[in-house]
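Participant: Chains as they are written, first to last, in our numbering: chain A, 1 to 323; chain B, 324 to 646; chain C, 647 to 973; chain D, 974 to 1300.
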Ligand SMILES: Cc1ncc(C[n+]2csc(CCOP(=O)(O)OP(=O)(O)O)c2C)c(N)n1
Ligand SMILES: Cc1ncc(C[n+]2csc(CCOP(=O)(O)OP(=O)(O)O)c2C)c(N)n1
Ligand SMILES: [Mg+2]
Ligand SMILES: [Mg+2]
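This is the structure we're talking about:
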């Protein structure tokens, strides 16, 4: 209990580390964009630039034993949940050393040992499974929480409704984290949702909702702790609404014809979660640059690691279909 | 416009006719139960005893050109929407004279000419189609409303969520009629829904909700008019919540082991929509009995009609698969 | 050997597993107080309580998905989908999630879940309550597919399905719940992937599933009267498929009929026919006959319904065709 | 004859129909400003406006269902389901509703709706973005199923699908959008139910769909070098299936290969093989070869993905097998 109490807010001394983590995700994603454009990465990729505080704030707040389900926009969640950048990058290169051993790819990052039950390329696809994982925790009397990430666009799909409804009905220890970046691909929220505050979705289930600024990593952390404590104590699931921003295109290569040219740029100037924390910490430029160099090196190394990774044999494709 | 105004409430003089209609449905359903038990009716049947005021109150309020989609509990809606009892009964007997020509059966009653787009044996199955029909009305600038019936149990299925969400997003002229009888088969509302007032479902979409006593046919009619007017005038869809009661088993033959033995009986004593209207009208017993005899005769005749109907030829099964 | 109905056999497998293993539980619509729409779980609420005999809201997708999620945590849930037709609502979770998690994770996850469902016509439920969709799931790598036709098989196979570490789609047939049959005293697991030769014969092999096993056995008796010796084989598990047994049988009889209640077009019989013509090409003395429902949705009127679905006579006609059509 | 890409051909059919007919409109996710995830509807928003090129929320079930509802009112909606994998989410509406309304109503309703979708591997999207599920819909009476492989065919067939009074599931192949081909000046409807003989040959018939038509044509050129004359036939519409043309071809060549990208097991090729062995039994000199994806979900790593899906070489090997295996 004491341990839980003490983690209700982030310690000041932890904040530089938090900043480093967000910066790592940022640099990782920028590198992924670069390597994709260089033609090195196959498949279909979505980066989380602008939303780093959500991934880091939520995952930092989790206890050992808690599990997550991620989305198509999975790199940040996976890194924040503790998977080494080498393993994430190796997966994007389709290598055996990748966190899904080359079977998954960007939209299917897994790291079960670290409680990451996997990213999902089907919108809403992971949500009922989080309800089910939480149900297992409840039935077994385990003090664990299951956490699902999803986007604003996902609040329109039936899977979302059924999964949250069931979770509330059975009061399972789950937290449903809405990363509300106000876009579903090219579709602005006003075109995909009839309501202007997506917290209202929770009212259909009578679920406790918490809404915070998703660009403020401390606020995200704090709200997540609150949600986790609530869920863990048996009061039922929580709907955690993070108000965030997508600075990049929907996928890498998206020309964003549907979006005012300078919208993202302008938002970035005032609402960059990394800059906001950096300012809050009044971190001297030199220190920030040192940190930046450090994470950039990690990211560079992850590319090297990935490129030197082992290609699967073609016949490896026949493995893992059945247990 | 004047016409619409004048129909906002039921004229006193119409009430005996309303009573007759409800009584017809009641007697029809009782006869169906009887004939089923006699082994004459194949398939899977659900009667609407106790919920007659919903069917009659809603359907009376509709204008020509409005359409409905019904549920597995369809006999009442179909009769109230104007299909002759002969045709409904003939359908239950699988005859060519049936309103679906023997292809549909109890859970698939259709009468397209009368605006009945069909009953649906899949919970929630008809809802998106009502959104779509209403969209067609909107796109064509037609002053018509599309109406879907559904039960409390149906508010748990993704189809419901997606269909209502889309309807509200596009502000189509639809009315979604919840016949809340507080049971989904054997599952009481407390076991299938996390919220105690199912009107709250509408909040997830920001949809206008109206709730009334579903045992009071005048109230149902009035609320429906209000909903229809709202939808027809382009303001968007309405969620019409009718609080009602199921006096019978879920399906014919249901032993209702899950339900306190005298629950239905007690409810019937005080909340029977037919008795309530009869009392309101202070209808003399003799008049009521005359009416009863009249509708009973219609129902008897419908059985005769059905039994004398034409059996389809086996090979007729090959027709109507494609247009 | 005790006698059990098909319904009781399913229940026995469920209850026995739940008695011995806390990780096994069942969830579905109206399975608790009501005992399920087919009465399969009747009485189980009393023994196991509402946590483990869990009524769910009408949410096929979430019910399937929640079972998957619990399975990912090492439980062994059985999700009951009331009618096979509603598998269409759970399809995303079954096909994109349960079937693929192990693979997409490169072997990190196992998904020991069973999706029990039932269907089948012959009682005029109409077009949305009796489809047979087993073929869909046979097409999906990562799933196992079982379709049992007798009390003994349904019990032994359900047992194996519960303890299989893979997602299993388990089909029961609505019109079989009442049939009775001898079962071993103690549950004997039946391996997934082994066909059952119900009846040996020399002239033609009938490969049948579900209700059609019984219709085929009856047809075999009729054919015998005409001097035609019929072997009847039930694959029992459609995925994996015991090709060896099927092919061996056809290499012996040189003729094959495949019978199921699902629509013939693109039904499971197509796969069996494709396998047999490939592996037993030189042994076949006649084209492989397919027996299944005619190409229509299910009509309501009993006269039409009976015309659409296959019966003993339909199998018998196919047997006659195949023995006359000598190569 | 103008040249169009497959993508432009789809767009041309859509736009032309929308120009001539107010009842035709298209709805789907991100089809407006973005022009769809495959760029098919690029530019159409400007011409037709947001009502008729309608972005929808991520609600595959309701989007399919709303299209059905509008079709019931006599409109001719085209619902775009972004990836075939998400047809699992719309399956209930497509299978239980669109396919059955006419039948269940005894002929009162018509459902002139098109469900356009696309899939296909070869670009490492992983297991949930490239499945080929056409076989599922071939199994459902009441649906028509189209799978076009060339710009000319996709345009003429989409036109026919839009004006067909039945629900049509219309498959496009992701890797074909860029291919170019001549098309008639004016759109010529291509009848649903007519196969296309792409290339005449004497020794073996390859029946192929989607991407595999092109792989098969390339294989035919290779086989020719070895003195094997290959006929290549694309059924184009899987339901109704032009059995006549397929059977006639096989009666001529006496050998058949069926090729599609979907998993072989329970894939469309099973149905074709079952039909051919039945109708051309006495003409077949070798077992019918089936070419399809191996029995795995789609792996991400390109090396593995390429191993799983079929290519020109896979077809060629099947051709070689069938000509060597002389009866
Ligand atoms: C069921 C389904 N439909 C459509 C898609 C295609 N798709 C991928 S991401 C996306 C938008 C998701 O929006 P949101 O949930 O807000 O997440 P974001 O991309 O903004 O992080 C869509 C439509 C999909 N993956 N799954
Ligand atoms: C998708 C689906 N799941 C399950 C069923 C089986 N079923 C038929 S009626 C019913 C209960 C419906 O409850 P409600 O919506 O409240 O309607 P009511 O029967 O009370 O009128 C169920 C579960 C079904 N028809 N469709
Ligand atoms: Mg978003
Ligand atoms: Mg109810």
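Idealized CB from N, CA, C, for every residue including glycine.
For residue 403/B, which residues from the same chain have a beta carbon less than 6 Å from its beta carbon, with the 5 sequence-adjacent residues on both sides left out?
Facilitator: 378, 379, 382
Participant: Quick check on residue 947/C - is its C-beta less than 9 Å from some C-beta in chain B?
Facilitator: Closer than 9 Å to some Cβ of chain B, the Cβ of residue 947/C qualifies, so yes.
Participant: Give the list of continuous beta strand (DSSP E) stretches no shorter than 3 residues that lie fully inside the segment 423-491 of chain B.
Facilitator: 469-474
Participant: Measuring only from the beta carbon, is residue 920/C closer than 8 Å to any heavy atom that is part of ligand 2?
Facilitator: no
Participant: If we cut at 9 Å on Cβ distances, does residue 775/C have a partner in chain B?
Facilitator: Chain B contact via Cβ: present.
Participant: Using Cβ-Cβ distances below 8 Å, what residues of the segment 1160-1190 of chain D are close to chain A?
Facilitator: Within the segment 1160-1190 of chain D, no residue has a Cβ that lies closer than 8 Å to any Cβ of chain A.
Participant: Just mark residue 3/A as buried or exposed, buried being the case when its beta carbon has 16 or more other beta carbons within 10 Å.
Facilitator: For residue 3/A, the predicted model reports a pLDDT of 45, less than 50, meaning its position is unreliable; a value from the coordinates is still stated below. By the neighbour-count rule (16 or more Cβ atoms within 10 Å), residue 3/A is not buried but exposed.
Participant: If you draw a straight line from the alpha carbon of residue 1179/D to that of residue 1100/D, how long is it in whole angstroms?
Facilitator: 28 Å
Participant: From residue 550/B to residue 462/B, what distance separates their C-alpha atoms?
Facilitator: 20 Å
Participant: Under 9 Å between the Cβ atoms of residue 880/C and residue 859/C?
Facilitator: yes
Participant: Rounded C-beta distance between residue 187/A and residue 151/A? I'm assuming under 8 Å.
Facilitator: Between residue 151/A and residue 187/A the Cβ distance is about 11 Å, and since that is not below 8 Å, they are no contact.
Participant: So which of 793/C, 756/C, 760/C, 692/C has the shortest CA-CA distance to residue 766/C?
Facilitator: Closest in C-alpha terms to residue 766/C, from the list 793/C, 756/C, 760/C, 692/C, comes 793/C.
Participant: Under 8 Å, with one C-beta from each stretch per pair, do the segment 197-211 of chain A and the segment 223-241 of chain A reach the 3-pair mark?
Facilitator: yes
Participant: Measure the alpha-carbon distance for residue 264/A versus residue 455/B and round it to whole angstroms.
Facilitator: 35 Å
Participant: If you draw a straight line from the alpha carbon of residue 400/B to that of residue 250/A, how long is it in whole angstroms?
Facilitator: 46 Å
Participant: Got a sec? Which residues, its chain only, sit under 7 Å from residue 1190/D by beta carbon, not counting five neighbours each side?
Facilitator: 1171, 1172, 1205
Participant: Does the beta carbon of residue 717/C sit closer than 9 Å to a beta carbon anywhere in chain A?
Facilitator: Yes - at least one Cβ of chain A is within 9 Å of the one on residue 717/C.
Participant: Three-state secondary structure (DSSP) at residue 673/C?
Facilitator: strand
Participant: Is the Cβ of residue 417/B closer than 9 Å to any Cβ of chain D?
Facilitator: Not flagged as an interface residue toward chain D: residue 417/B, since no C-beta distance is shorter than 9 Å.
Participant: Is there a C-beta anywhere in chain A that falls below 9 Å from the one on residue 474/B?
Facilitator: Cβ-Cβ to chain A under 9 Å: no for residue 474/B.
Participant: Does the beta carbon of residue 1136/D come closer than 9 Å to any beta carbon on chain C?
Facilitator: Closer than 9 Å: no.
Participant: What is the rounded straight-line gap between the Cα of residue 485/B and the Cα of residue 1038/D?
Facilitator: 10 Å
Participant: Check the C-beta distance from residue 757/C over to residue 727/C and give it rounded, since I have them as a contact under 8 Å.
Facilitator: In fact, because the Cβ distance is near 16 Å, the residues do not count as touching under 8 Å.
Participant: Please list, in chain order, all residues with a C-beta atom less than 6 Å from at least one heavy atom of ligand 3.
Facilitator: The answer, residue by residue, is 151/A, 152/A, 153/A, 181/A, 183/A, 184/A.
Participant: Please tell me whether residue 933/C has its Cβ less than 9 Å away from any Cβ of chain D.
Facilitator: yes
Participant: Please name the residue in 667/C, 753/C, 740/C whose C-alpha comes closest to that of residue 722/C.
Facilitator: 667/C
Participant: CB-CB under 6 Å to residue 5/A, same chain, minus the five flanking residues each way: which ones, in chain order?
Facilitator: In this prediction, residue 5/A has a pLDDT of 47, which is less than 50 and means its spatial position is unreliable; nothing more can be read from the coordinates.
Participant: Using the rule of at least 16 other Cβ atoms within 10 Å of the residue's Cβ for burial, across every protein chain shown, is residue 624/B buried or exposed?
Facilitator: exposed
Participant: How would you list, in chain order, the residues of chain A whose beta-carbon sits under 8 Å from the beta-carbon of residue 1267/D?
Facilitator: 317, 318
Participant: Could you check the C-alpha separation between residue 725/C and residue 200/A for me, to the nearest Å?
Facilitator: 31 Å
Participant: Answer with yes or no whether the minimum CB distance from residue 1061/D to chain C is below 9 Å.
Facilitator: Closer than 9 Å to some Cβ of chain C, the Cβ of residue 1061/D qualifies, so yes.
Participant: Using a Cβ cut-off of 9 Å (strictly closer), state whether residue 812/C contacts chain D.
Facilitator: Cβ-Cβ to chain D under 9 Å: no for residue 812/C.
Participant: Is there contact here, the segment 1125-1133 of chain D with the segment 1059-1067 of chain D, by at least three beta-carbon pairs under 8 Å?
Facilitator: When C-beta atoms of the segment 1125-1133 of chain D are compared with those of the segment 1059-1067 of chain D, fewer than three pairs fall below 8 Å, so the two segments do not count as touching.
Participant: Which chain A residues sit within Cβ distance under 7 Å of residue 526/B?
Facilitator: By Cβ distance, chain A contributes 200, 203, 204.
Participant: Output the boundary residues of the beta strand (DSSP E) element that contains residue 828/C.
Facilitator: 826-828
Participant: Determine the burial state of residue 141/A: buried for a count of at least 16 other Cβ atoms within 10 Å of its Cβ, exposed for fewer.
Facilitator: exposed
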